[in-house]
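Residue numbers (my numbering): -3 to 242.
Every residue, glycine too, gets a C-beta built ideally from N, C-alpha and C.
All of these numbers come straight from a predicted model, not from anything done at the bench.
Below is one structure; the comments refer to it alone.
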């Protein structure tokens, strides 16, 4: 949980505070951006230098706290059958508000980005999708395909009925030869293992962990209004993984 500012000129600081992530009366995980940031919001590891860290973060224009949850734990990886292959499903309700950037994604267990591989199961960009809020984006990142390469990106956009008003099942079928994603059983993105696969263009052979977060502002979240933060709530009903017997 929490502990840092992410990239892309975002305006949130991820914390482990109960105001930003909690279980509601329905047993659902809630991720809630909140306006304002104090020294108490700093990561525990920064506690000795909280005033200095806070000043540095505020100097970057960060004015919001939020949460980034993950399954990067020994117990999660112990539960996998030593491979990443299987069917992943996250049932969630996503905020579609200008300034919000909710995401459900995965990163490889070992290495550094982008060499470790990134799988974006669901992203909604407040800076791009407000005119067509039913859009959703999925894609993958690797050493040869990410924002900083001339090769461009591997991603696809799709329209999802009632994207902003209902819970949806965001799905990933991950095999040795293909990454296939979809929403509510409808495929939206496919990336097949290249014939000349290397760790650079196919870093998707190692287990990966799930991340759930709501970023605010920045290059993809777009301009936000502090009064809209209460509506940037992301709710997660469950995260499930099915794998064949090892």
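Unbroken alpha helix (DSSP H) run spanning residue i, endpoints
| i | result |
| --- | --- |
| residue 195 | Premise fails: residue 195 is in no alpha helix (DSSP H) and is neither H nor E. |
| residue 215 | 214 to 217 |
| residue 129 | It is not in any alpha helix (DSSP H) - residue 129 carries neither H nor E in the DSSP assignment. |
| residue 203 | Looking at the DSSP string, residue 203 is not in any alpha helix (DSSP H), and its letter there is neither H nor E. |
Residue from the options whose Cα sits closest to the Cα of residue i
| i | options | result |
| --- | --- | --- |
| residue 89 | 100, 79, 6 and 15 | 100 |
| residue 138 | 196, 131 and 162 | 196 |
| residue 109 | 142, 91, 134 and 175 | 142 |
| residue 213 | 206, 207 and 221 | 221 |
| residue 162 | 67, 130, 218 and 193 | 130 |
| residue 218 | 92, 74, 54 and 199 | 92 |
| residue 166 | 192, 174, 150 and 132 | 132 |
| residue 153 | 120, 169 and 210 | 120 |
| residue 16 | 125, 210 and 112 | 210 |
| residue 33 | 63, 237, 4 and 24 | 63 |
| residue 199 | 171, 230, 177 and 208 | 171 |
| residue 186 | 193, 176 and 194 | 176 |
| residue 140 | 114, 181, 124 and 18 | 114 |
6 angstroms Cβ shell around residue i - same chain, five flanking residues per side excluded
| i | result |
| --- | --- |
| residue 20 | 26 |
| residue 205 | 66, 67 and 68 |
Where residue i falls: helix, strand or coil (DSSP)
| i | result |
| --- | --- |
| residue 242 | coil |
| residue 226 | helix |
| residue 208 | strand |
| residue 70 | helix |
| residue 25 | strand |
| residue 146 | Confidence in residue 146 is poor, its pLDDT being 49 and thus under 50, which makes the residue's placement unreliable; the coordinate value appears in the next sentence. Correct three-state label for residue 146: coil. |
| residue 49 | helix |
| residue 244 | No answer is possible for residue 244: it lies beyond the span of the chain, which begins at -3 and ends at 242. |
| residue 36 | helix |
| residue 55 | helix |
| residue 94 | coil |
| residue 111 | coil |
| residue 75 | helix |
Sequence-distant residues of the same chain with beta carbon closer than 7 angstroms to residue i, five excluded per side
| i | result |
| --- | --- |
| residue 37 | 9, 11, 13 and 61 |
| residue 238 | 82 and 83 |
| residue 112 | 103, 104, 106 and 199 |
| residue 201 | none |
Unbroken beta strand (DSSP E) run spanning residue i, endpoints
| i | result |
| --- | --- |
| residue 168 | 164 to 170 |
| residue 186 | 182 to 188 |
| residue 246 | This structure cannot speak to residue 246, because the chain is shown only from -3 to 242. |
| residue 60 | 60 to 62 |
| residue 88 | 82 to 89 |
| residue 118 | 114 to 119 |
| residue 178 | 174 to 179 |
| residue 18 | 17 to 19 |
Any non-hydrogen atom of the ligand NAD within 7 angstroms of residue i CB
| i | result |
| --- | --- |
| residue 99 | In the structure shown, the ligand NAD is absent, as is every other ligand, since no ligand is present at all. |
8 angstroms Cβ shell around residue i - same chain, five flanking residues per side excluded
| i | result |
| --- | --- |
| residue 7 | 57, 58, 59, 60, 212, 213, 214, 217 and 220 |
| residue 179 | 118, 132, 154, 156, 164, 165, 166 and 167 |
| residue 151 | 116, 133, 134, 135, 136 and 185 |
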